[in-house]
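Protein chains in written order, with the numbering used here: chain A, 1 to 312; chain B, 1001 to 1455.
We put the CB at the ideal spot given by N, CA and C, even for glycine.
Everything numeric in this text was worked out from a predicted model, so none of it was measured.
Worksheet for the structure shown next.
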Amino acid sequence: MKVAVLKGGKSLERGVSLRSGARVEDALARLGHDAVPLDAGADLVERLLADTPEVAFIAMHGPGGEDGTTQELLEILGIPFTGPGVAACAVCTDKSLAKHALKAAGVPTPAWFAFNQTAFRELGAAEALGGLEQRLGFPLVVKPSRGGSALGVRFAAAEPEVPEALVAAFSYDDRVVLERYVDGRELAVGVIGSEALPIVEAIPADGDRYDFEARYEIGRTRFECPANLDEAERVEVTEAALAAYRALGCSGFARVDLILGADGPQVLEVNAVPGLTDTSLLPQAAEAAGLSFEGLVDRILELALEASGASA
Amino acid sequence: MPEPPHRRRAHTRTQDLERYAGLFAERTGVMRSSAMRDLMAITARPEVISLAGGLPDTSTFPPKSFAAQMTRIAQESAAEALQYGPTEGFEETVDCILQVMGAEGMLPDPQDVIVTTGGQQAIDLVAKTLVDPGDVVICEAPTYPGAVPVFCSYQAEVVQVECDQDGMRIEDLEEVLGELDAEGRRPKFVYSVPTFQNPAGVTMSLDRRRRLIELARSREMLVVEDNPYGLLRYEGEALEPLYKLDGGDYVLYLGTFSKILSPGIRLGWLCAPPPVMEKVVLGKQAADLCTSTLTQYFVREYFAEGRWREYIESLAELYRHRRDVMVAALREFFPAEAAWTEPGGGLFIWATLPDFIDTGDLLARALRDDVAFVPGQAAYVDGRGRNSMRLNFSGVGEDEIREGISRIGKVIAEQMDLYGALTREHPHMPAGGAEDMGGIDSLVLPFKKAAEGGP
């Protein structure tokens, strides 16, 4: 089968995407497929039309590849693609929208407020900051609403640190989320089709937070899969993850990130195109479930074709 | 373009990952990849105006001259040029090196010179020869971003000494040395780019050069002088290199053809006294046996033409204009709260912004407008430099420099406005005061603030 692997693009996570893409291409080759690597640029449509792939494997992270743009393009071209559809991608990508959807569906997610730059520049939202900070409490997390791999995420321990954190977060997106910081264990649940994979726990080696550096460097972060949880915790976390996956309308596959704090699991975000690099969590979870990387890629393709068949 | 099948074996299994993690040498723990590296990968996009690189403009090298030299090598010395060469490099290459060093008043013994694979290998060989894990290496703050990973990979403890517009502050160095004395430790060497420093663009004053050499001699301490830019002077009188002031006893000297001819030929050199050289040669043998013979032949041919100084003069002329364009653009587009160096040579300007701006995040924002620079943090080992940036003016044309600085200025203004709105006041740089900023003579360099904030 001819499979286009869409990777790269212009997003800040380009490097990660290229690594995910290369790994998928290798797996496709071993599965006997004809993998066509496509570094997403201005000629993407032209190349898709010329190469006529039977299915597109989307290995692009961040804006453009993960926010529904590429998905919509593929729908128009009539090419089946992996992962969630246009609407789910758009919602997952925007943490503020996603958190609204999670809250509406009764899925626990840390308290938050979201602002765009206009609110501060033109509407004097700074006046309201103090009150919001009081309600969220310190420390709080400031992050770009759209963005991944922890880029632009800052922790503000006290009020004077908030403006600087906001300036940093606004470097990545016009909308930022101020979120209550939840202390707890960092967990990720991969979902394939409608089934949850074993839970992965990320334990940064140097006791640091799970940041960009830690995510993509072998040896910096220790992963435990399946995570060392008791049965009740495992069920609770898995159910929260599946509820989040459904609430955001995901299909195909996705990864749900959660914190397990004193009040039970809280969903931080859902990644519509989770990383598939050597150090990414989803492949590790699949491995723990007895599914090799090839098996994972194969299953993801199968789901993409099923979805397109159903909708055709 | 079709890619070859099975280009690389993917590491698909978790067990594989763990197996590798267990195999890594301890020193790889300090070799860090970073978000910044991923961001820098994006700066390679063709639509990005990159003021990030340290690239000389190789487009001015006459292709005809290049073709003629390579043809001559092919016709007259193909077999030799394609063969291994001596580890120390060819005598003829050393002759060329002596000419370059002679242009700055230095006359080393040819026996003291080894040809290396770029200046970068010279740094590596020095560290490899001298540094044991835990040894102290002193360098400038900020320092050449490419030197830090070298020192770290040999597990050195890097101590940075502040710079101002006259280069490394020797009184601060004395203080650091005193503190080390108290702990019964000695630095293995002091690494410095005294002339048109990368990244700050500043030059160490003659007085400080003399004091540094006095310190080196009285303490029998080695100084590593890295001088890639000495001949790229756009105005003023040249200052004597440390190597010349010292006579070559305690100063190890690193040079390179990268900025005066081509970085692609990967030719640099190291001058060191015989006992050090003996070890360096062994280290070089282990690393790569010898430097490229082909490019050494090229340099030999190029110098034989006798026009190498003219070419450097033409580069200096080109870069002087570009620097002027960048400085003018900075004055026009950067906010009054920003400060920057105005170097008399070299390739870089160092700019510092109000301290609430993180230039790593700013780079992400700037990339959305297709412009790039090096965030200042890359020049420090301890996370400082967050509100500074290195700007290169040699690698792109004048129009692009102006456009690039204008775009960066716009995103800075955007962040300052936002900060102002968030704090309900106009942002100021707390220390120094605006009256100290802006002019080349009165410039209180950004590094000062960092020093005050330090331990």
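Neighbour list for residue i in chain A, Cβ cutoff strictly below 8 Å
| i | result |
| --- | --- |
| residue 1049 of chain B | The contacting residues do not exist; residue 1049 of chain B stays about 15 Å from chain A at best. |
Proximity test, Cβ basis, 7 Å: residue i and chain E
| i | result |
| --- | --- |
| residue 1358 of chain B | The chain labelled as chain E is not found among the protein chains of the depicted structure, namely A and B. |
Beta-bridge partners of residue i, as assigned by DSSP
| i | result |
| --- | --- |
| residue 1163 of chain B | B:1168 |
| residue 221 of chain A | A:204 |
| residue 187 of chain A | A:201, A:258 |
| residue 1117 of chain B | B:1267 |
| residue 175 of chain A | A:116 |
| residue 1050 of chain B | B:1372 |
| residue 266 of chain A | A:259 |
| residue 1139 of chain B | B:1160, B:1191 |
| residue 1251 of chain B | B:1223 |
| residue 18 of chain A | Looking at the DSSP assignment, residue 18 of chain A forms no beta bridge with any residue, so it has no partner. |
| residue 1303 of chain B | Answer is none; residue 1303 of chain B lacks a bridge partner. |
| residue 1352 of chain B | B:1339, B:1388 |
| residue 195 of chain A | A:192 |
| residue 1236 of chain B | Bridge partners of residue 1236 of chain B: none, in fact. |
| residue 1345 of chain B | B:1233 |
| residue 1393 of chain B | DSSP, once it has assigned bridges, lists no residue as partnering residue 1393 of chain B. |
| residue 3 of chain A | A:35, A:55 |
| residue 180 of chain A | A:140 |
| residue 253 of chain A | A:192 |
Where residue i meets chain A, residues with beta-carbon distance less than 9 Å
| i | result |
| --- | --- |
| residue 1418 of chain B | 117, 120, 121, 163, 166, 167, 170 |
| residue 1382 of chain B | Near residue 1382 of chain B there are no residues of chain A at all, since even the closest Cβ is about 15 Å away, more than 9 Å. |
| residue 1226 of chain B | Within chain A, no residue comes near residue 1226 of chain B; the closest Cβ sits about 28 Å away, beyond 9 Å. |
| residue 1324 of chain B | Chain A residues near residue 1324 of chain B: none, gap ~30 Å exceeds 9 Å. |
Chain B contact residues for residue i, given Cβ-Cβ distances below 8 Å
| i | result |
| --- | --- |
| residue 126 of chain A | 1421, 1422, 1423, 1424 |
Within chain A, partners of residue i - CB distance below 7 Å
| i | result |
| --- | --- |
| residue 1415 of chain B | 167 |
| residue 1166 of chain B | Residues of chain A passing the Cβ test: none, with the nearest at roughly 32 Å. |
### Task
Would you be able to state if there are at least three C-beta pairs under 8 Å between the segment 30-48 of chain A and the segment 71-78 of chain A?
yes
### Message
Is it the case that the segment 1251-1258 of chain B contacts the segment 1119-1126 of chain B, given that we only count it when at least three CB pairs across the two stretches are under 8 Å?
### Response
yes
### Task
Please list the residues of the segment 157-176 of chain A that have a C-beta atom closer than 7 Å to any C-beta atom in chain B, keeping them in chain order.
163, 164, 166, 167, 168, 170, 171, 172
### Task
Pull out every residue of the segment 92-121 of chain A whose Cβ sits closer than 7 Å to any Cβ of chain B, in chain order.
117, 120, 121
#### Entry: Contact list for the segment 53-69 of chain A against chain B, Cβ threshold 9 Å
none
### Task
Go through the segment 30-100 of chain A residue by residue and report every complete run of the alpha helix (DSSP H) that reaches 4 residues or more, in order.
44-51, 69-77, 86-93
### Query
With a cut-off of 8 Å, do at least 3 Cβ pairs link the segment 1283-1299 of chain B to the segment 1137-1152 of chain B?
no
### Task
Indicate whether the contact test is met: 3 or more Cβ pairs, each with one atom in the segment 1403-1417 of chain B and one in the segment 1320-1340 of chain B, closer than 8 Å.
yes
### Query
Between the segment 265-282 of chain A and the segment 239-251 of chain A, do at least 3 Cβ pairs fall closer than 8 Å?
yes
### Query
If you pair each beta-carbon of the segment 1371-1379 of chain B with each one of the segment 1047-1056 of chain B, do three or more pairs fall below 8 Å?
yes
### Message
I'd like the ranges of any alpha helix (DSSP H) spanning at least 4 consecutive residues and lying wholly in the segment 104-165 of chain A.
### Response
117-121, 126-136
### Query
Three or more beta-carbon pairs under 8 Å between the segment 138-150 of chain A and the segment 173-188 of chain A, yes or no?
yes
### Query
Is the number of C-beta pairs between the segment 1159-1176 of chain B and the segment 1100-1111 of chain B that are closer than 8 Å three or more?
no
### Task
Kindly confirm or deny that the segment 1219-1230 of chain B and the segment 1187-1207 of chain B touch, where touching means at least three C-beta pairs closer than 8 Å.
yes
### Message
With three or more C-beta pairs closer than 8 Å as the rule, is the segment 1375-1386 of chain B touching the segment 1059-1067 of chain B?
### Response
no
### Task
Answer yes if the segment 1230-1249 of chain B comes into contact with the segment 1093-1104 of chain B, meaning at least three C-beta pairs across the two stretches below 8 Å, and no otherwise.
yes
### Query
In chain order, which alpha helix (DSSP H) runs of at least 4 residues are fully inside the segment 1072-1136 of chain B?
1091-1102, 1118-1130
### Start-end ranges of the alpha helix (DSSP H) lying completely within the segment 268-308 of chain A, minimum 4 residues
281-288
#### Entry: Sufficient close CB pairs (3 or more, under 8 Å) joining the segment 1341-1349 of chain B to the segment 1191-1207 of chain B
yes
### Query
Can we say the segment 111-127 of chain A touches the segment 183-192 of chain A, given the rule of at least three CB pairs closer than 8 Å?
no
### Task
Take every Cβ of the segment 296-306 of chain A, pair it with every Cβ of the segment 46-63 of chain A, and state whether three or more of those distances are shorter than 8 Å.
yes
### Query
Would the segment 274-282 of chain A and the segment 7-22 of chain A be scored as touching if the rule is three or more Cβ pairs under 8 Å?
yes
### Message
With a threshold of 8 Å, are at least 3 pairs of Cβ atoms found where one atom belongs to the segment 60-67 of chain A and the other to the segment 8-17 of chain A?
### Response
yes
### Query
Does the segment 1353-1368 of chain B touch the segment 1385-1401 of chain B, meaning 3 or more C-beta pairs lie closer than 8 Å?
yes
### Query
Using Cβ-Cβ distances below 8 Å, what residues of the segment 1242-1265 of chain B are close to chain A?
none
### Message
Check whether the segment 1080-1092 of chain B and the segment 1288-1295 of chain B are in contact - that is, three or more C-beta pairs closer than 8 Å.
### Response
yes
### Query
For the segment 1279-1323 of chain B, which segments carrying the alpha helix (DSSP H) assignment without a break, of at least 4 residues, lie completely within its bounds, in sequence order?
1293-1304
### Query
Below 8 Å, can you find three or more Cβ-Cβ pairs linking the segment 97-114 of chain A to the segment 235-247 of chain A?
yes
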